[in-house]
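Numbering of the sequence shown is given in this note's numbering, commencing with residue 751 and proceeding in unit increments.
Where is the CB? At the ideal position from N, CA and C, for every residue including glycine.
Data first, discussion second: the structure below is written as structure tokens.
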Amino acid sequence: MAFAVSRDGRVSILLVEDSENSAAMLEIALQDIPGVELVAARSGIDALRHLRLSPVDAVITDLNMPRMDGFELISRIRDDEALSHIPVVVVSADTDPATPRRLSELGVQAYFPKPYSPAQVRRTVEQLLDVPAR
Numbered sequence: 751m752a753f754a755v756s757r758d759g760r761v762s763i764l765l766v767e768d769s770e771n772s773a774a775m776l777e778i779a780l781q782d783i784p785g786v787e788l789v790a791a792r793s794g795i796d797a798l799r800h801l802r803l804s805p806v807d808a809v810i811t812d813l814n815m816p817r818m819d820g821f822e823l824i825s826r827i828r829d830d831e832a833l834s835h836i837p838v839v840v841v842s843a844d845t846d847p848a849t850p851r852r853l854s855e856l857g858v859q860a861y862f863p864k865p866y867s868p869a870q871v872r873r874t875v876e877q878l879l880d881v882p883a884r
């Protein structure tokens with residue numbers, strides 16, 4: 751499934767990550783993909799608030815966050831008719847062997863367990879966006 755392109759020709763990706771270091775690493779990996787605008791949220795609650803005010807074309811989220819974990823965020827996205835179409839990519843240190851199956855059942859497009867390769871995440875996002883790799 752490819753990400754939808756915004757009316758202005760840019761793709762807006764919401765990055766949901768409570769760790770400043772992890773968020774910075776992903777931002778560096780993704781920031782110069784042509785036509786992509788990154789928006790950051792520090793929690794699932796902040797992400798939902800943003801999604802309701804300003805929808806995005808895709809979400810990249812961690813699972814282990816305070817106040818609302820990534821599973822609940824993804825479930826709420828999938829349960830909301832206005833948001834359910836948004837593709838979701840997960841990057842997480844979650845070690846539960848059931849996590850990949852749970853994420854698949856939630857309709858997640860890709861899962862990267864930590865430690866992960868930022869370059870691999872970028873390649874996957876480029877493929878989903880259908881933009882040429884640099």
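Do L798 and R826 count as a contact pair if the criterion is CB distance below 8 Å?
yes
State yes or no: is the C-beta of T811 within less than 8 Å of the C-beta of V786?
no
R817, buried or exposed, once every other Cβ within 10 Å from all chains shown has been counted against 16:
exposed
Tell me P863's beta-bridge partners as DSSP assigns them.
S842
Give the secondary structure of A869 by DSSP, where H, G and I count as helix, E and B as strand, and everything else as coil.
helix
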